[in-house]
Amino acid sequence: MANILVEKKGKIGIITVNRPEQLNSMNSATRSEMARSFEDMETDSDVSVVILTGASGKAFIAGADIKEFAEMDLRTREEMNEDWRVNKVISEMTKPVIAMINGFCLGGGLEIAMACDLRISSEKSKLGQPEINIGITPGAGGTQRLTRLIGEGRAMEMILTGRMITAEEAHQYGIVNFVFDSDELETKTLEIANTIANKSPYAIERAKKCVRAVAEMSLQKGLEYEQDMFIECFRSEDGKEGIAAFIEKRKANFKGK
3 MANILVEKKG KIGIITVNRP EQLNSMNSAT RSEMARSFED METDSDVSVV
53 ILTGASGKAF IAGADIKEFA EMDLRTREEM NEDWRVNKVI SEMTKPVIAM
103 INGFCLGGGL EIAMACDLRI SSEKSKLGQP EINIGITPGA GGTQRLTRLI
153 GEGRAMEMIL TGRMITAEEA HQYGIVNFVF DSDELETKTL EIANTIANKS
203 PYAIERAKKC VRAVAEMSLQ KGLEYEQDMF IECFRSEDGK EGIAAFIEKR
253 KANFKGK
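Just so we're aligned: the sequence shown equals residues 3 to 259 in this note's numbering.
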């Protein structure tokens, strides 16, 4: 693939946007390649957690490729959904996805990061939804995911002003989970990814489903759904193995079943 690099480190799959001269901005070809890469990771039994990052250290993803915006007025919503299907692919992954934010994370880049399960940033990163500065609104989840993540007031502030915020502000707002020095970002992110990768894949998938369901269900329906997943885990091989390992004071051997 021309714009995406893929590698594996043990149980961790790493997808890197490789357009450093364009600050890893996303054109249609890049979004398509990224979607295919995530689909491949989803079906790869050797991968338990996926990390998404950007090449060069200057940018995670600095937004969409503005050159493509000239023809945007000719597109239907269905065409745009297909073009940006990578966000849906990421959010529907059964495996945990971590955005390792190593620089500018703006517009469509922040929208992609918010589709991930965790966001880990370097202290030098800048984040924002600056679409308002060129006379448009976020269009790939910015208004919806950002509001669900940090609340209406903070989201409205970021979207209406279009300003970039620091990594520390993003941490205070609740957009990113951790902030590390740039020189230890990859090491720390891999540590967190490996911690998750050693858990039961069966339980991880169901935990993700429960958390994602919060935005779609009432509290009562959500509690019932959580109980269903809880029972499924107890009946699974991984659930039985985890409990036995705890009682026997040994490391569990999870198989994702």
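Ideal placement from N, C-alpha and C gives every residue a C-beta, glycine not left out.
Judged by their CB atoms, residue 126 and residue 108 are not nearer to each other than the 9 Å cut-off. Fewer than three pairs of CB atoms, one per stretch, sit closer than 8 Å, so the stretch 162-180 makes no contact with the stretch 206-214. Assignment of residue 57 by DSSP, reduced to helix, strand and coil, places it in the coil class. Note: residue 7 is bridge-paired with 18 in the DSSP secondary-structure output. Between the stretch 16-33 and the stretch 54-70 there are three or more C-beta pairs closer than 8 Å, enough to call the two in contact. In its chain, beyond the 5 residues on either side, 143, 147, 148, 151 have a beta carbon closer than 7 Å to the beta carbon of residue 116. When the five nearest sequence neighbours on each side are left out, the beta carbons in the same chain lying within less than 7 Å of the beta carbon of residue 156 are those of 175, in order along the chain. Separation of residue 171 and residue 131 (C-alpha to C-alpha, rounded to the nearest whole angstrom) is 14 Å. Contact annotation, residue 140 with residue 113: C-beta distance approximately 7 Å; criterion of less than 8 Å satisfied.
Contact check between the stretch 184-202 and the stretch 36-51: three or more CB pairs, one atom from each, fall below 8 Å, which counts as touching. Its chain contains 6, 8, 17 as the residues whose beta carbon lies nearer than 6 Å to that of residue 39, once the 5 sequence neighbours on both sides are disregarded; these appear in chain order. The C-alpha of residue 169 is placed about 29 Å away from the C-alpha of residue 85. For residue 33, the uninterrupted alpha helix (DSSP H) segment begins and ends at 30-45. Excluding five sequence positions before and after residue 101, the CB atoms of its chain that fall closer than 6 Å to its own CB belong to 54, 115, 118, 121, given in chain order. A Cβ-Cβ contact shorter than 9 Å links residue 97 with residue 43. Spatial neighbours of residue 256 in its own chain (CB-CB distance under 6 Å, excluding positions within 5 residues in sequence) are listed in chain order as 202, 240. The beta carbons of residue 184 and residue 124 sit closer together than 9 Å. Beta-bridge annotation (DSSP): residue 130 is paired with 108. Cβ neighbours of residue 190 within its own chain (closer than 8 Å, five residues either side excluded): 122, 180, 182. Across the set 135, 243, 41, 103, the C-alpha of 103 shows the shortest separation from the C-alpha of residue 178. Residue ranges of uninterrupted alpha helix (DSSP H) with 4 or more members, entirely inside the stretch 154-235 and ordered along the chain, are 154-163, 169-175, 187-199, 203-215. Straight through space, the alpha carbons of residue 145 and residue 61 are spaced by roughly 22 Å. Distance between residue 227 and residue 215, taken at the CA atoms: about 8 Å.
Under the criterion of beta carbons closer than 8 Å, residue 4 and residue 37 do not qualify as touching, at roughly 14 Å. Within the DSSP secondary-structure output, residue 102 pairs in a beta bridge with 122. For residue 248, the three-state secondary structure derived from DSSP is helix. DSSP places residue 90 in the uninterrupted alpha helix (DSSP H) bounded by 87-93.
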